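Participant:
Protein chains: 2
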Amino acid sequence: MSTSVDLVYEQVRQMAANFEFKPAERINESELSKQLGASRTPLREAMNRLTAEGLLVFEPGRGFFCQPLTPELVVHLYEVREALETAAIRAAVERAGDDDIAAIRQFLSDTAERYADGTPTKEIVRLDEEFHLMIAGLSGNPELVNMIKLTYERIRYVRWIAMRERIDITHSAHLHIFEALENRDAQAAEDRMRTHIKTHNAEATEIVGKAYSNLYVPQH
Amino acid sequence: MSTSVDLVYEQVRQMAANFEFKPAERINESELSKQLGASRTPLREAMNRLTAEGLLVFEPGRGFFCQPLTPELVVHLYEVREALETAAIRAAVERAGDDDIAAIRQFLSDTAERYADGTPTKEIVRLDEEFHLMIAGLSGNPELVNMIKLTYERIRYVRWIAMRERIDITHSAHLHIFEALENRDAQAAEDRMRTHIKTHNAEATEIVGKAYSNLYVPQH
DNA sequence: CCCGGACAAGCTGTATACAATTCCGCATCC
DNA sequence: GGATGCGGAATTGTATACAGCTTGTCCGGG
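Quick mapping for you: the protein sequence lines, in order, are chains A and B.
The working numbering applies: residue 1 is where the first sequence begins, and numbers increase by one.
The working numbering applies: residue 221 is where the second sequence begins, and numbers increase by one.
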């Protein structure tokens with residue numbers, strides 16, 4: 001059947017991940033549905049899914065809101081990332097085939113020159129996510145991968161800001177993690193992944209804390 | 221405003237967690253909505269949320285289905301549990317107050333005598349989940365707790381079956397985990413939690429593997 | 001000047017109607 | 001006998017209408 005609802009879903013999903021909605025303001029269903037060229041019914045279905053995924057917040061009788069972006073939330077989501085991704089890389093060390101590992105090495109060398117100052121931050125974040133998801137995929141556990149993906153979407157906006165000052169060292173950190181995987185050293189891989197994420201957590205949280213008021217300035 | 225949609229949501233959620241729907245058969249929206257005394261609109265909203273939570277599966281143009289219950293899924297979800305709960309207890313050791321720990325000791329002694337052969341399996345599973353969620357709560361990370369809760373709901377049905385033969389040792393295992401927490405021994409707590417979940421994983425997976433065909437026998 | 005209540009406008013929650021699609025049984029053909 | 005195509009019934013996808021709640025404003029009282 002037609003994919004109108006999925007189209008709406010993807011659009012609203014992106015809008016939510018990009019924080020195109022003002023926090024603490026209800027999302028006007030009629031207006032948004034007109035804007036997206038659909039009626040309220042499929043829009044509400046999409047927003048219900050996004051609520052379950054944590055990208056939106058729902059208050060009965062009041063409507064849907066963008067998830068509030070607080071330093072606490074960022075800390076919590078990074079902790080979740082840490083738990084999931086350390087488990088994932090541990091499984092990856094055990095289960096990955098040599099060809100899978102070769103593919104990641106290829107990816108790293110292919111993209112090495114793009115980790116430069118000229119590259120847009122969003123592009124860097126995209127590459128970063130892709131690398132992490134490749135590793136997570138080697139765990140062979142799609143549930144794990146899904147949860148990691150979801151967590152990414154909820155903090156992507158922060159990462160666009162936080163990544164600005166970290167472009168240069170991201171690639172070398174990834175290489176460092178990858179080498180432990182390549183050497184089939186589960187402990188080192190896990191430790192390096194944990195350190196990597198903890199570092200980003202500290203930075204992202206600091207930035208959100210500092211920019212807390214700025215982030216909430218109306219964006220229209 | 222009225223909470224009709226939330227009522228429907230809770231009911232369908234329970235039905236899905238209890239596997240009252242036949243797998244591989246589409247859920248008839250009109251029929252179910254009549255049965256629940258609501259119209260299709262709030263029912264579909266509820267089912268969309270449950271789809272995002274992983275309790276239902278949605279195929280465009282065909283409708284909603286119960287999540288398929290396979291040995292692979294059970295393994296994957298238990299791995300997720302392991303990742304999340306080991307992280308949670310590690311955080312709990314660091315952050316829990318002495319009074320929080322006392323509350324858990326109280327809970328364990330209060331419920332000790334109910335871990336007996338006469339108690340219904342569902343009740344045991346409920347107590348088990350409550351214990352684990354109390355510990356997870358001490359992590360101070362609501363996102364972590366939410367994900368753990370969700371994972372529970374997706375494997376609860378299996379646990380009802382798998383728990384039958386494990387009633388006696390569950391309580392002592394919990395005590396063992398708790399003591400490491402009480403001693404503020406993060407490593408021991410994490411290790412014991414991991415072992416605990418791995419054991420259950422192996423058992424549950426085995427049971428699903430054995431009962432695979434039986435579970436899918438039409439239940440009408 | 002501030003607070004409180006009532007009214008009005010707007011928005012959300014739900015039911016229902018209809019269009020589009022899928023599904024299933026049956027007949028037909030190879 | 002098995003595959004294929006067709007048509008009607010059933011089911012899903014979406015729009016729309018309306019009821020009930022929420023919210024903001026305005027007016028009156030303290």
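Just so it is clear, CB atoms sit at the ideal spot from N, CA and C, and this is done for glycine as well.
Note that the structure is a prediction, hence the values are computed from the model and not measured.
Please name the residue, chosen from A:Ile161, A:Met193 and A:Leu138, that lies closest to A:Ala173 on a Cα-to-Cα basis.
Facilitator: Of the listed residues, the one whose Cα sits closest to A:Ala173 is A:Met193.
Participant: In terms of residue numbering, what span does the alpha helix (DSSP H) encompassing B:Gly357 cover?
Facilitator: Where B:Gly357 is concerned, the enclosing alpha helix (DSSP H) stretches over Thr341 to Gly357.
Participant: Determine the contact status of A:Ala188 and B:Ala303, defining contact as a CB-CB distance below 8 Å.
Facilitator: Cβ atoms of A:Ala188 and B:Ala303: not closer than 8 Å.
Participant: Can the beta-carbon of A:Ser139 be found closer than 8 Å to that of A:Arg184?
Facilitator: Result no, Cβ atoms of A:Ser139 and A:Arg184 do not sit closer than 8 Å.
Participant: Should B:Glu230 be labelled buried (16 or more other beta-carbon atoms within 10 Å of its own) or exposed?
Facilitator: Exposed: under 16 other Cβ atoms inside 10 Å.
Participant: Check distances from the C-beta atoms of the segment 130–146 of chain A to those of chain B and list, in chain order, the residues that come in under 9 Å.
Facilitator: The residues in question are Ser139, Gly140, Asn141, Pro142, Glu143, Leu144 and Asn146.
Participant: Residues of chain B with a CB under 9 Å from the CB of A:Asp191: which are they?
Facilitator: What A:Asp191 touches in chain B: nothing, since even the nearest Cβ is about 14 Å away.
Participant: Whole angstroms are fine: how far does the CA of A:Leu150 sit from the CA of A:Glu143?
Facilitator: Distance between the alpha carbons of A:Glu143 and A:Leu150: 11 Å.
Participant: Starting from A:Phe107 and walking both ways along the alpha helix (DSSP H), at which residues does that stretch end?
Facilitator: Taken as a continuous stretch (DSSP letters only), the alpha helix (DSSP H) holding A:Phe107 covers Asp98 to Thr111.
Participant: For chain B, is any of its Cβ atoms less than 8 Å away from the one on A:His76?
Facilitator: A:His76 counts as touching chain B.
Participant: Ends of the beta strand (DSSP E) at B:Leu275?
Facilitator: That residue, B:Leu275, is in no beta strand (DSSP E); it is neither H nor E in DSSP.
Participant: Residue ranges of each beta strand (DSSP E) run of no fewer than 3 residues wholly in the segment 57–89 of chain A, ordered along the chain?
Facilitator: Runs found: 63–66.
Participant: Please name the residue in A:Ala204, A:Glu129, A:Arg90 and A:Lys22 whose C-alpha comes closest to that of A:Phe107.
Facilitator: Closest option to A:Phe107, Cα to Cα, is A:Glu129.
Participant: I want to verify the contact list: residues of chain B whose CB lies under 7 Å from the CB of A:Asn48, in sequence order.
Facilitator: By Cβ distance, chain B contributes Glu265, Asn268 and Arg269.
Participant: Just curious, the alpha helix (DSSP H) that B:Ala336 is in, first and last residue?
Facilitator: Premise fails: B:Ala336 is in no alpha helix (DSSP H) and is neither H nor E.
Participant: Counting only Cβ-Cβ distances shorter than 7 Å, please list the residues of the segment 11–39 of chain A near chain B, keeping chain order.
Facilitator: Those would be none; no residue qualifies.
Participant: Under the rule that 16 or more other beta-carbon atoms within 10 Å means buried, what is B:Gln287, buried or exposed?
Facilitator: Under this definition B:Gln287 is a buried residue.
Participant: Among A:Pro42, A:Val74 and A:Leu7, which one has its Cα closest to the Cα of A:Ile155?
Facilitator: If we check each option's Cα against that of A:Ile155, A:Val74 comes out closest.
Participant: Is there a C-beta anywhere in chain A that falls below 8 Å from the one on B:Pro438?
Facilitator: Only weak support is given to the placement of B:Pro438: the predicted model assigns it a pLDDT of 42, under 50, and the value that follows is read from those uncertain coordinates. Closer than 8 Å: no.
Participant: Report the residue from A:Ile124, A:Ile101 and A:Asp99 whose alpha carbon sits nearest the alpha carbon of A:Thr111.
Facilitator: Considering only alpha carbons, the answer is A:Ile124.
Participant: Pop quiz: B:Val225 and B:Ala266 are said to be a contact at Cβ under 8 Å. What is the actual Cβ separation, rounded to whole angstroms?
Facilitator: Indeed, because the Cβ distance is near 6 Å, the residues count as touching under 8 Å.
Participant: Report yes or no: is there a C-beta of chain A within less than 8 Å of the C-beta of B:Val277?
Facilitator: With 8 Å as the cut-off, B:Val277 does not count as an interface residue toward chain A.
Participant: Just the Cα atoms here: how many angstroms apart are B:Phe351 and B:Ile324?
Facilitator: Each residue's Cα considered, the two are about 8 Å apart.
Participant: Taking 7 Å as the limit between beta carbons, can you name the residues of its chain near B:Gly357, skipping five residues before and five after?
Facilitator: Taken in chain order, the residues that qualify are Val365.
Participant: Just reading off the alpha helix (DSSP H) that B:Phe398 is part of, what are its end residues?
Facilitator: Taken as a continuous stretch (DSSP letters only), the alpha helix (DSSP H) holding B:Phe398 covers Ile387 to Glu402.
Participant: Going by beta carbon distance, what residues of the same chain come within less than 8 Å of A:Met163, once the five residues before and after it are set aside?
Facilitator: Correct list, in chain order: Thr121, Ile124, Val125, Asp128 and Thr170.
Participant: Under 8 Å between the Cβ atoms of B:Ala424 and B:Tyr298?
Facilitator: Yes, Cβ-Cβ distance for B:Ala424 and B:Tyr298 is below 8 Å.
Participant: Thinking C-beta only, is A:Ala211 closer than 8 Å to A:Ile161?
Facilitator: Yes.
Participant: I'd like to check one pair, A:Ile148 with A:Glu85: are the Cβ atoms closer than 8 Å?
Facilitator: Contact flag set, yes.
Participant: If the cut is a Cβ gap below 7 Å, which residues of chain A does B:Ala272 touch?
Facilitator: The contacting residues are Arg49, Ala52 and Glu53.
Participant: Give me the chain B residues within the contact set of A:Leu84, using Cβ-Cβ distance strictly less than 7 Å, ordered along the chain.
Facilitator: Correct list: Ala303.
Participant: Return yes when the Cβ of B:Arg260 is within less than 8 Å of the Cβ of B:Glu245, no when it is not.
Facilitator: Their beta carbons are not under 8 Å apart, which means B:Glu245 does not touch B:Arg260 by this criterion.
Participant: For A:Glu31, tell me which candidate among A:Ala17, A:His200 and A:Arg44 has the shortest Cα-Cα distance.
Facilitator: With distances taken between Cα atoms, A:Glu31 lies closest to A:Arg44.
Participant: Once DSSP output is grouped into helix, strand and coil, what is the label at B:Arg246?
Facilitator: Reduced to three states, the DSSP call for B:Arg246 is coil.
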